[in-house]
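Here's the structure we're looking at; comments come further down.
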Amino acid sequence: MIELRAEGLSKHYDDVEALAPTDLTIAPGEFFSLLGPSGCGKT
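Start counting the sequence shown at 278; every next residue gets the next number (our numbering).
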(Lines of atoms letter the chains of each structure in order from A and count residues from 1; the text may use other names and numbers.)
(Lines give C-alpha, C1' and ligand atoms only; values in the text may rest on other atoms or scores of the structure.)
Protein backbone atom coordinates (compact mmCIF):
# COMPACT_ATOMS: atom_id res chain seq x y z
CA MET A 1 0.00 0.00 0.00
CA ILE A 2 1.04 3.60 -0.56
CA GLU A 3 1.67 6.16 2.17
CA LEU A 4 0.87 9.81 1.43
CA ARG A 5 3.42 12.24 2.86
CA ALA A 6 3.75 16.02 2.56
CA GLU A 7 6.59 17.87 4.28
CA GLY A 8 6.97 21.59 4.90
CA LEU A 9 3.56 22.68 3.61
CA SER A 10 2.92 26.39 4.09
CA LYS A 11 0.71 29.12 2.66
CA HIS A 12 1.14 32.89 2.65
CA TYR A 13 -1.13 35.66 1.40
CA ASP A 14 1.26 38.56 0.86
CA ASP A 15 2.69 39.08 4.38
CA VAL A 16 0.06 36.96 6.18
CA GLU A 17 1.06 33.41 7.14
CA ALA A 18 -2.14 31.35 6.75
CA LEU A 19 -0.44 27.98 7.33
CA ALA A 20 2.83 27.60 9.19
CA PRO A 21 5.21 24.95 7.80
CA THR A 22 3.43 21.67 8.50
CA ASP A 23 4.16 17.99 7.89
CA LEU A 24 1.38 15.51 7.12
CA THR A 25 1.53 11.72 6.82
CA ILE A 26 -1.45 9.53 6.01
CA ALA A 27 -0.60 5.87 6.51
CA PRO A 28 -2.19 2.98 4.62
CA GLY A 29 -5.63 2.21 6.04
CA GLU A 30 -6.05 5.65 7.65
CA PHE A 31 -8.93 7.94 6.73
CA PHE A 32 -8.32 11.68 6.32
CA SER A 33 -10.86 14.42 5.70
CA LEU A 34 -10.21 18.13 5.15
CA LEU A 35 -13.22 20.22 6.14
CA GLY A 36 -13.92 23.90 5.67
CA PRO A 37 -16.44 26.37 4.30
CA SER A 38 -17.02 26.85 0.59
CA GLY A 39 -14.35 29.00 -1.05
CA CYS A 40 -11.74 28.67 1.72
CA GLY A 41 -9.09 26.94 -0.44
CA LYS A 42 -9.43 23.25 0.36
CA THR A 43 -8.61 22.28 -3.21
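Every residue gets a Cβ at the ideal spot worked out from N, C-alpha and C, and that includes glycine.
Secondary-structure assignment with DSSP links K288 through a beta bridge to L296.
Annotation for H289: A295 place their beta carbon closer than 7 Å to its own, counting only its chain and skipping 5 residues before and after. Distances from the alpha-carbon of E284 to those of T299, D291, D292 and M278 put T299 closest.
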